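**Student:** If you count the sequence shown from 1, position 54 lands on 66 in the numbering used here, and the numbers rise without skipping.
Below: one structure in structure tokens.
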Amino acid sequence: MLPKHHIILGAIFSALLYWLFSLTIFQTLLVFLSSILIDFDHYLWYVARKKDWDLKNSYNYLEKLSKNLKKPIMMVFHTIEFLILVFILSFFWRGFYFALIGMIFHSILDLLYFGHKNMLYVREFSLIRHLVLREKYPNKYF
Ligand SMILES: [Zn+2]
């Protein structure tokens, strides 16, 4: 899903939460920003692979890659383990609870998008599974 779609849907979702559950502006912002910034892992993935810090290059590279992706790709902020970590952190600082809501909303949108395009195989949802399978089948995984 394109970033602009995440921004629009994230804004609508956080505005709905603000209105329905009387969130504070700060809590609403945490939901909204986390529903977008979760995709920062795509940029980190690109930088780690290509040693290139150019944001536009990473966007173009990942957009092209996503059209020809044959292997599952692991984006660390999109894994169930990372979501569990944020959930655990929410016991220590309540702000993580609202970040988690935004991240789950974003993940649901990604799942619907990839499911609709019959491309669920392009995303690895478990860090542990990814590390085990990548060790076992190095050519099948990024
Ligand atoms: Zn995403």
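Backbone N, C-alpha and C define an ideal beta-carbon position, used for all residues, glycine too.
Just so it is clear, the structure is predicted and the values come from calculations on it, not from any experiment.
#1: Rounded to whole angstroms, what is the Cα-Cα separation between N130 and I85?
#2: If you draw a straight line from the alpha carbon of S34 to that of N151, how long is it in whole angstroms?
#3: To test your reading of the DSSP string, which unbroken alpha helix (DSSP H) runs of 4 or more residues are found completely within the segment 64 to 97?
#4: May I have all residues whose beta carbon comes closer than 5 Å to any heavy atom of ligand 1, sorted in chain order?
#5: Report yes if the CB atom of L121 is closer than 8 Å to the CB atom of H54, and no otherwise.
#6: Decide yes or no for the touch test of the segment 71 to 81 against the segment 44 to 63: beta carbon pairs closer than 8 Å, at least 3 of them.
**Tutor:** The relevant details are as follows:
#1: 15 Å
#2: 49 Å
#3: Complete alpha helix (DSSP H) runs here, min 4: 67 to 79.
#4: D51 and D122
#5: No, Cβ-Cβ distance for L121 and H54 is not below 8 Å.
#6: The segment 71 to 81 is in contact with the segment 44 to 63.
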